[in-house]
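Structure follows, in structure tokens:
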């Protein structure tokens, strides 16, 4: 039986994050954060793959492998192609990292990870207007960027499984908090060089995974970003709100 207190607390956290996502997603930025890798390794030889998508055309993929009992490697990539009535946004991003992981507690149901890494990508944001011949660009902003990040992951697996879809299924939840420094390498406005910007982003993400079977999990992810610097273009504003699946292999049978 599912613990009522736990479920109420979980629902409150999801509601809070969802409200923040809706508020922040109304802002505009030339940078969109990706879904971070959260492999939650426990021993050497484990592997992790995941894919995520949302209604804004944001597609993210993650991979990871535990190369020892405490050292893991992660890789992330994302692609965005989203168009509103008067704005078009495209971005690609890829990154990699190296980190440390360990289990916590007697039951080993809690996992702690910390990673550091580097990434690079490109964003193109276009303002549009309606004309007699269709939508035409008003201003085009093109940015090549690089980033360095430090990321802390924590997850906990619920001891009691929940009854769902005719079977008892494992539920785990967690948080990834990432601090990223994103800096423009090249930046143009209408193909004219413009002043470059950089920013430090705090990117908290909340995720929940429901086991479909031993290896596959359904994942819901929500989060937002906070920019330290006050910039005109490279600023906070785009939220993370995705649904995806993850595949883990190499784990011990429970």
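In the numbering used here, the protein residues as written are 1 to 254.
We put the beta carbon where it would ideally sit given N, CA and C, even for glycine.
Here the structure is a predicted model, which means the values were calculated and not measured.
Beta-carbon spacing of residue i, residue j below 7 angstroms
i           : j           : result
residue 144 : residue 193 : no
residue 197 : residue 225 : no
residue 36  : residue 176 : yes
residue 155 : residue 111 : yes
residue 48  : residue 172 : no
residue 149 : residue 180 : yes
residue 44  : residue 66  : yes
Distance between beta carbons of residue j and residue i, contact taken as under 8 angstroms
i           : j           : result
residue 96  : residue 71  : Not really, about 14 angstroms apart at Cβ, beyond 8 angstroms.
residue 141 : residue 233 : 6 angstroms
residue 209 : residue 246 : 7 angstroms
residue 52  : residue 242 : 4 angstroms
residue 250 : residue 125 : About 41 angstroms separates the two Cβ atoms, so there is no contact after all.
residue 227 : residue 50  : 26 angstroms between Cβ atoms; not a contact.
residue 151 : residue 100 : Incorrect: roughly 11 angstroms between the Cβ atoms, too far for contact.
Proximity to residue i [Cα-Cα], best of the options
i           : options               : result
residue 204 : 196, 188 and 221      : 221
residue 57  : 238, 130, 198 and 188 : 238
residue 122 : 89, 202 and 103       : 89
residue 191 : 139, 212 and 69       : 139
residue 33  : 43, 39 and 79         : 79
residue 85  : 94, 76 and 130        : 130
residue 40  : 60, 109, 87 and 134   : 109
residue 164 : 188, 195 and 212      : 212
For residue i, the residue or residues it bridges with in DSSP
i           : result
residue 217 : 211 and 246
residue 44  : DSSP lists no partner for residue 44.
residue 168 : 163
residue 137 : 128
residue 76  : 62 and 95
residue 143 : 123 and 187
residue 176 : 153 and 205
residue 182 : 147 and 199
residue 100 : 71 and 114
residue 222 : 206 and 241
Where residue i falls: helix, strand or coil (DSSP)
i           : result
residue 25  : Residue confidence is low: residue 25 scores 44 on pLDDT, short of 50, so the model does not pin down where it sits. Its coordinate-derived value is still stated next. The answer is coil: DSSP assigns residue 25 none of H, G, I, E or B.
residue 241 : strand
residue 203 : strand
residue 107 : coil
residue 53  : strand
residue 6   : Note that residue 6 has pLDDT 41, beneath the 50 cutoff, so the model's placement of it is unreliable and no number is given.
residue 228 : coil
residue 87  : strand
residue 192 : strand
residue 81  : strand
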